[in-house]
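*Asks:* Per the numbering used here, the very first residue in the sequence shown carries number 5; after that it's consecutive.
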Amino acid sequence: MGQRQENKSRAMAAKTIINFGEQVHPVIWSRLAKIVSAERIGNGYIFAGSAGTGKEGVALSFAALLNCQNPGESACGTCRSCIRFLTLQHEHINIVFPLPTGKPSTGKTSDPIQNLDDDTVSIVTNSIQQKAADPFYKIRIPKANRILIQSIRHLRQKMYLKSLEKGQKIVVIFEAHLLSAGQGEAGNALLKLLEEPPENTTLILVTDNKAGLLQTILSRCQHIDFPPLETKIVLEFLNQSVSPSVAETAAVLSEGNMIRAERLSKYSSSELLTLLKDIVSNLSAPNPNDHRQFVRDMMTYLNNDPEEFDFRISLAQIWYSLIGKLRSNMLIASINKNFESELLLMINKYPNANIVEINHVLEDLKQAPRRNLHMTLALSTAAIGIQHYLDGATRFTNQHETMTKLA
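1. Mind checking which residues open and close the beta strand (DSSP E) that includes Phe140?
2. To which residues of the same chain is Gln226 closer than 8 Å at the C-beta, ignoring the five residues directly before and after it?
3. Please classify Gly396 as buried or exposed, where buried requires at least 16 other C-beta atoms within 10 Å of its C-beta.
4. Residues in its own chain within less than 8 Å of Arg374 by CB, not counting five upstream and five downstream?
5. From the DSSP secondary-structure annotation, give me the bridge partner or partners of Phe51.
6. For Gly58, is the classification buried or exposed, using 16 other Cβ atoms within 10 angstroms of its Cβ as the cut-off for buried?
7. Suppose you measure from the CA of Thr82 to the CA of Tyr354; what does that come to, to the nearest Å?
8. Taking 8 Å as the cut-off, decide whether the C-beta atoms of Phe89 and Ile143 are in contact.
9. Here's a check: name, in chain order, each residue in its chain whose Cβ is nearer than 6 Å to the Cβ of Gly171, leaving out the five neighbours to either side.
10. Rounded C-beta distance between Glu77 and Val210? I'm assuming under 8 Å.
11. Would you list the one or two residues that DSSP bridges to Thr105?
12. Is there contact here, the segment 157 to 165 with the segment 188 to 200, by at least three beta-carbon pairs under 8 Å?
13. Going by C-alpha to C-alpha distance, which of Val238, Gln187, Asn98 sits closest to Phe140?
14. Of the residues Ile351, Glu367, Asp294, Glu312, which one's Cα is nearest the Cα of Ser384?
15. Three or more C-beta pairs under 8 Å: does that hold for the segment 271 to 278 against the segment 241 to 260?
16. Just the C-alpha distance for Ser126 and Phe343, rounded to the nearest angstrom, thanks.
17. On the DSSP bridge list, what partners appear for Val175?
18. Using alpha carbons as the reference points, say which of Ser269, Phe298, Ile362, Gln134 lies closest to Gly328.
19. Report yes if the CB atom of Cys358 is closer than 8 Å to the CB atom of Tyr305, and no otherwise.
20. Leaving aside the five residues before and after Ile151 along the sequence, list all residues of the same chain whose C-beta is less than 6 Å from its C-beta, in chain order.
21. Under 8 Å: do the segment 228 to 237 and the segment 251 to 267 share three or more Cβ pairs, one atom per stretch?
22. By the three-class DSSP mapping on this structure, what secondary structure does Cys72 have?
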């Protein structure tokens, strides 16, 4: 009885990780499946697209298919290889992601994870387990803001070792644009692996920012671009854990970003509307005192909960995006009527608002911490710039110049 239950659990898990690619991006998955069936597997791929589109999970599904002993349109989910992929413990899967700098390495090719303190090692281990259970889960290790060159050196050593198992060695690099962080030494080290790849090896670079990759890396990889998730896909996943009404609001506002959708689903519609109004009113108010309050609040989030900082900037982007859609008669019919009323009030107050430039300001603000800008000044400048764009400015020179100087 116990063995049957274990097999049933494995089959259920296979539907979430092994067949993930086919579930969330069927068009892209069809292309990947044809690559495998035609045995035209490349050495390097770039999976690129906005955050929350499931790129990382699809990369893992692709890795499983490339090693499945009974492949079809997807990996079978039951062979020995697939079962090991379910926990991401397969010897042919190598996952690379940003890590903090640990204690001095004992050698150029040593595993950098071994140089981390016990608490961080535990976080890394748990994060990989969570990724195996939920392909949408985002691995974020505290104080990690780049892919270490030690990770790439250790990877190169492993890739050139002969494997006792048949199959394709797969390297999946999350946040691949962070190969270029600092002096770009990790990216240059990876380039050597792409130029002279070991036999039966495929590298998949997953990124939200393809432009951040070295041009020499871009030119050596096949590119697969991921669109935002369809609303019905987001709904299917959210309906497993929240009420239909909450799921619908979160799915509509997420704009195809599952990470954002999961965070939105923690709020009721009324709570979300209150939060949105609070953020936007402080950000767009002409009163400098309100700007100061916005800066203080956002600096608190940035210092104590960077994910909340990012989420709140994203909420402002959602708000202005909805205004743009409503002005163009493109607003989704299922949007909450209370939201629509508040949006119309703002449209009437700022009929000439330059929505495109406001969203550019907010996107720059979201990226500012990663660019190590002076955040108090960046937040103040963004608030002033948004006020100008609300009044219809086509370009706020001071805002652009200041953000450039801050860099």
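Using N, Cα and C, we set each Cβ at its ideal position, and we do this for glycine too. All values derive from a computational prediction rather than experimental measurement.
*Replies:* Short version:
1. Looking at the DSSP string, Phe140 is not in any beta strand (DSSP E), and its letter there is neither H nor E.
2. Gly46, Gly48, Tyr49, Ile50
3. exposed
4. Asn149
5. Val210, Ile228
6. buried
7. The alpha-carbon of Thr82 is positioned some 58 Å away from that of Tyr354.
8. When the beta-carbon positions are compared, Phe89 and Ile143 stay at least 8 Å from each other.
9. Asn71, His96
10. Incorrect: roughly 22 Å between the Cβ atoms, too far for contact.
11. Paired residues: none, contrary to the question.
12. yes
13. Val238
14. Asp294
15. yes
16. 42 Å
17. Asn98, Leu207.
18. Ile362
19. The residue you asked about is not Cys; residue 358 is Asn in the sequence shown. It is not a contact, given that the beta carbons lie outside the stated cut-off.
20. Pro102, Leu182, Leu183, Ala190
21. yes
22. Reduced to three states, the DSSP call for Cys72 is coil.
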